[in-house]
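Number of protein chains: 2
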Amino acid sequence: MIGIWEILDFDIITSSIIFEVNEWEMSDLLKKVNDISPLSVEALEELVKCIQTKVYDKGILIHTEGRVNKQLFFVESGLVKHFYYHDGNQFVLRFFEENNFFIATDSFFNDLPAEYSTLALEETVISHLEYDDFERLCQKYHSFESFARKFVSIVAYTAISNLKGLLYLDATERYAKFIKEYGHLQQRISLGDTAGYLGISQVQLSRIRSKK
Amino acid sequence: MIGIWEILDFDIITSSIIFEVNEWEMSDLLKKVNDISPLSVEALEELVKCIQTKVYDKGILIHTEGRVNKQLFFVESGLVKHFYYHDGNQFVLRFFEENNFFIATDSFFNDLPAEYSTLALEETVISHLEYDDFERLCQKYHSFESFARKFVSIVAYTAISNLKGLLYLDATERYAKFIKEYGHLQQRISLGDTAGYLGISQVQLSRIRSKK
DNA sequence: GAATCCTTTTTACAAATGTTAAAAAGTTAT
DNA sequence: ATAACTTTTTAACATTTGTAAAAAGGATTC
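Line by line, the protein sequences are chains A and B.
Anchor point for the first sequence: position 115 equals 115 in the numbering used here, and the numbering is continuous, going up by one each time.
Just add 1000 to wherever you are in the second sequence, counting from 1, and you've got the numbering used here.
Here's what the structure looks like:
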């Protein structure tokens, strides 16, 4: 994974390392983009130049609730969660493991302060593309605009799919759904975070687990 | 509203009337499109030619769960709900009143059978654009592709915003949020549908209402 | 106006979930 | 290995919500 990157610089603020992709080899990010919607060679080459990569230690915030963040993120390796607080309780919107894109939805689309934070649950390597580059690529390359629309469609589709589960499933059913969808991550996600994702208390989740 | 449309044909299957927009006057739909992202004159003119409009009586399904529907709908007047059944209970995903777009998300984006139905809660006038036209307009006109991406962004943003509410709010808080967001529709939405939207029983909603 | 149908409220009881606190189990650091 | 710390489980009790059934209220039809 790290092999195709070359260390370039240190970002002191987040204590993380910045890499630059080698242009002669296709990264996981580019493969994923191509998978969603194939890019022209020109678009691909220009995209590569815009991508920056950092390493985030476990427990480090990638972006923060209340602040505008207009970056398209891609998890190269590791695991992150979208979360926020309400009445002192932490709620988890989603997890993103390696090979997934994520954004601060409100910020990326509407220039609004992010409604949730994103935190690295493990040491996590994340590439990102600035919105201005994203927008420029959209306008310059038809194939990239196509990718953009499909990417956003996936975001919308996933959100609505999750919405349905929350509406009609009880906690036990939601847990079963969680195991089905995130089963491969079960060992990497704490009980507290799982409860936060399910929208129930840690105690209730413990009860559900022991019932089986 | 009806003044700018001209009766053209009868669609026997849905017992509804088909109209065609007059090209010399801008409909609410076009105003809304322009509001989301301004179109070029050419795109606007071609879009107009693709739009068809129907009247749905109260209680009529606009599209049905389990069937693929690849149309972009716009509510000219009236009110509809997205809903589906789970264990015999009806759940409501969202309401759309006049001047709003809606789609069967799974179908429109992924060619999958719709995961919910849409029903007219009142006599409702709906315009629609076929996906193939939508796609063609995207590829032909940059301004339309821009609109498409922004439209999808709004869908994604709204879905995630709703998701948050369902995760952390209890029924009483959700009802307060409902009143805030859909207050102007309160008289037009039944208690049963409101309960279905909040994900609680009709009885519980009645209790919450009487508590005040 | 009576009858009918549909919606909303109320009642009583059962089940699910939250809260708080303590105990148990597992991790990490020294 | 021990101590300190974190995560998970268990217990007891309060609150919320669901279910089923009946009552009340509104609207529509004849």
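Heads up, the beta-carbon is just placed ideally off N, CA and C, and yes, glycines get one too.
For B:Val1092, the secondary structure class from DSSP, reduced to helix, strand or coil, is strand. Assignment of A:Leu129 by DSSP, reduced to helix, strand and coil, places it in the strand class.
Scanning its chain for C-beta atoms nearer than 8 Å, with the 5 sequence neighbours on each side dropped, one finds around B:His1128 the residues Ile1051, Gln1052, Thr1053, Lys1054, Gln1071, Leu1072, Phe1073, Phe1074, in chain order. Under the Cβ distance rule, A:Tyr116 counts among the residues neighbouring chain B, one pair being separated by less than 9 Å. The CB of A:Phe178 never comes closer than 7 Å to any CB in chain B; the least such distance is about 13 Å.
Interface residue (Cβ-Cβ distance to chain A less than 9 Å): B:Arg1067 is not classified as such.
The beta carbons of A:Tyr168 and B:Asp1028 sit no closer together than 9 Å. Near chain A, meaning a CB-to-CB distance below 7 Å, the residues of the region 1149-1160 of chain B are Arg1149, Val1152, Ser1153, Val1155, Ala1156, Tyr1157, Ala1159, Ile1160.
Under the Cβ distance rule, B:Cys1050 does not count among the residues neighbouring chain A, no pair being separated by less than 9 Å. No Cβ of chain B is located within less than 9 Å of the beta carbon of A:Gln71. Taking 7 Å as the Cβ-Cβ cut-off, the region 94-119 of chain A approaches chain B at Thr105, Asp106, Phe109, Asn110, Glu115, given in chain order. As DSSP reads the structure, B:Phe1083 sits in a beta bridge with B:Val1092, B:Ser1117. Contacts between B:Gly1199 and chain A, judged by CB atoms closer than 8 Å, involve Leu166, Leu167, Tyr168 in chain order. Boundaries of the beta strand (DSSP E) harbouring B:Thr1053: 1052-1056, taken from the DSSP string.
Of the candidates A:Ser143, A:Ile103, A:Val92, the residue whose Cα lies closest to the Cα of A:Ile36 is A:Ser143. DSSP, read as helix, strand or coil, puts A:Val68 in coil. With its beta carbon at least 9 Å from every one in chain A, B:Tyr1182 lies outside the interface. Straight-line spacing of the CA atoms in B:Val1080 and B:Val1033 works out to 20 Å. Assigned with DSSP and collapsed to three states, B:Ile1208 falls in helix. For B:Leu1061, the enclosing beta strand (DSSP E) stretches over residues 1061-1063. B:Val1075 is bridged by DSSP to B:Asn1100, B:Ile1126. With fewer than 16 other Cβ atoms inside 10 Å of its own Cβ, B:Asn1089 counts as exposed.
When the five nearest sequence neighbours on each side are left out, the beta carbons in the same chain lying within less than 7 Å of the beta carbon of B:Gly1165 are those of Arg1174, Lys1177, in order along the chain.
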